[in-house]
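Q:
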Amino acid sequence: CDFQEVAEELGVYMVGFDRAGYGESDPNPNRSVKSAALDVEELADALGLGPKFYVIGISLGCHAVWGALKYIPER
């Protein structure tokens, strides 16, 4: 049984995203931990994830997770 099967069985909806300034987006030297958190919140709202959601980060993704915990803890 793999992680994807377990997630589907539990009804877990997983979302991944590329941070601003990576991939095909333009670099922005004014990015911050807070702006990363607000990006997470905007994405959650756009996807209709509801008032509460969990965040998990690996490696540099922890930057956005820490920001979410600090700046949008009510979510």
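If you read the sequence shown in this note's numbering, its first letter stands for residue 1221, the second for the next number, and so on.
Cβ atoms here follow ideal geometry from the backbone N, Cα and C, with glycine treated the same way.
These numbers come from a predicted model, not from an experiment.
Helix, strand or coil for C1282? Go by DSSP, reduced to three states.
A: The count along the sequence shown starts at 1 and reaches residue 1282 at position 62. Three-state DSSP puts C1282 in a helix.
Q: Is E1294 helix, strand or coil when you go by DSSP?
A: As a working note, residue 1294 is residue 74 in the sequence shown. Here E1294 sits in coil by DSSP.
Q: Can you tell me the Cβ-Cβ gap for I1292 and A1240, rounded? I've got them flagged as a contact below 8 Å.
A: Stepping through the sequence shown from its first residue, residue 1292 is reached at position 72. Stepping through the sequence shown from its first residue, residue 1240 is reached at position 20. Actually they do not touch by this definition, with Cβ atoms about 16 Å apart.
Q: Please classify V1260: is it buried, with 16 or more other beta-carbons within 10 angstroms of its beta-carbon, or exposed?
A: Counted from its first residue, the sequence shown places residue 1260 at position 40. That one is buried.
Q: For the alpha helix (DSSP H) holding L1258, just list the boundary residues, first then last.
A: Residue 1258 sits at position 38 when you count from the first residue of the sequence shown. Per DSSP, L1258 belongs to the alpha helix (DSSP H) from V1253 to A1266.
Q: Let me confirm a value: G1287 is counted as buried when at least 16 other C-beta atoms fall within 10 Å, else exposed. Which label applies?
A: Here residue 1287 corresponds to residue number 67 of the sequence shown, with the count starting at 1. So G1287 counts as buried.
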